[in-house]
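Here's the structure, in structure tokens; my notes come after.
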Amino acid sequence: IPDFRSSINTILPTGPGVWELRDHPGVKRSPTAFTVNMTKAIPSATHMALVELARQNLLQFVVSQNIDGLHLRSGLPSTLIAELHGNSNLEVCKKCQTKCLRDYRTRTAVKAHDHQTTRKCSKCRSTLYDSIINFGESLPKQELEASFEHARKADVCLVLGSSLRVTPAADIPQMVGKRGGKLIIG
């Protein structure tokens with residue numbers, strides 16, 4: 303799954319980022335050749351290594367900016383993860399707070415910023431909403447607070463697959479480092 307910011311000349315196995323691909327001349331000729339079906343993505347060896355570290359109590363918390371849902375699909379308990387930008391497989395009920403994890407991508411009914419899906423909550427029959435955070439929207443307060451709380455207690459921060467350019471998520475490793483914690487950036 304490509305990230306957003308990698309350049310067209312990247313050597314990453316995922317290739318260039320979404321923003322670079324969007325401007326690629328081949329996209330206009332064959333848009334489907336440049337799309338990735340996230341529903342077919344499976345957790346990587348790295349996801350599984352994080353699950354094992356959590357099982358051994360060596361990993362206390364994961365802060366993710368990915369919307370692919372692969373951390374949860376890998377078996378990482380939801381109590382150990384903050385998905386700052388949402389999860390493309392998660393619908394939420396704003397009335398009763400029920401969360402519905404789907405095996406397909408949730409989609410909004412009309413507009414992306416509307417967030418309403420076409421489904422109803424099985425508990426209270428209220429409208430369900432996707433959990434994706436679009437550009438310009440605020441990050442979920444509870445997820446962000448949990449991220450900073452864990453950063454305040456962390457003695458090590460492992461950073462994987464991030465450019466560390468987007469705040470406030472980029473502030474988390476800095477918090478750990480300023481307190482004297484170790485940073486491991488891969």
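Mapped onto our numbering, the consecutive letters of the sequence shown carry residue numbers 303 to 488.
The beta carbon of each residue, even a glycine, is placed where N, CA and C say it ideally should be.
Exercise. DSSP three-state call for Val365: helix, strand or coil?
Worked result: strand
Exercise. Hey, out of Arg357, Leu360 and Arg375, whose CA is closest to Ile344's CA?
Worked result: Arg375
Exercise. DSSP state of Arg375, grouped into three classes?
Worked result: helix
Exercise. Which whole-angstrom value is the C-beta distance of Thr419 and Asp405, which I expect to be below 8 Å?
Worked result: Not confirmed; about 15 Å, so no contact.
Problem set entry | Endpoints, the beta strand (DSSP E) within which Lys401 is located | Lys401 to Leu403
For this session: Could you tell me if Leu392 is buried or exposed, where buried requires 16 or more neighbouring beta carbons within 10 angstroms of its beta carbon?
Result: buried
Exercise. Taking DSSP as the reference, what is the three-state secondary structure of Cys429?
Worked result: It should be noted that the sequence gives Thr, not Cys, for residue 429. Strand, per DSSP.
For this session: Would you mind stating whether Leu352 and Leu361 have Cβ atoms separated by less than 8 Å?
Result: yes
Exercise. Are Leu386 and Leu441 touching if we call contact CB-CB under 8 Å?
Worked result: yes
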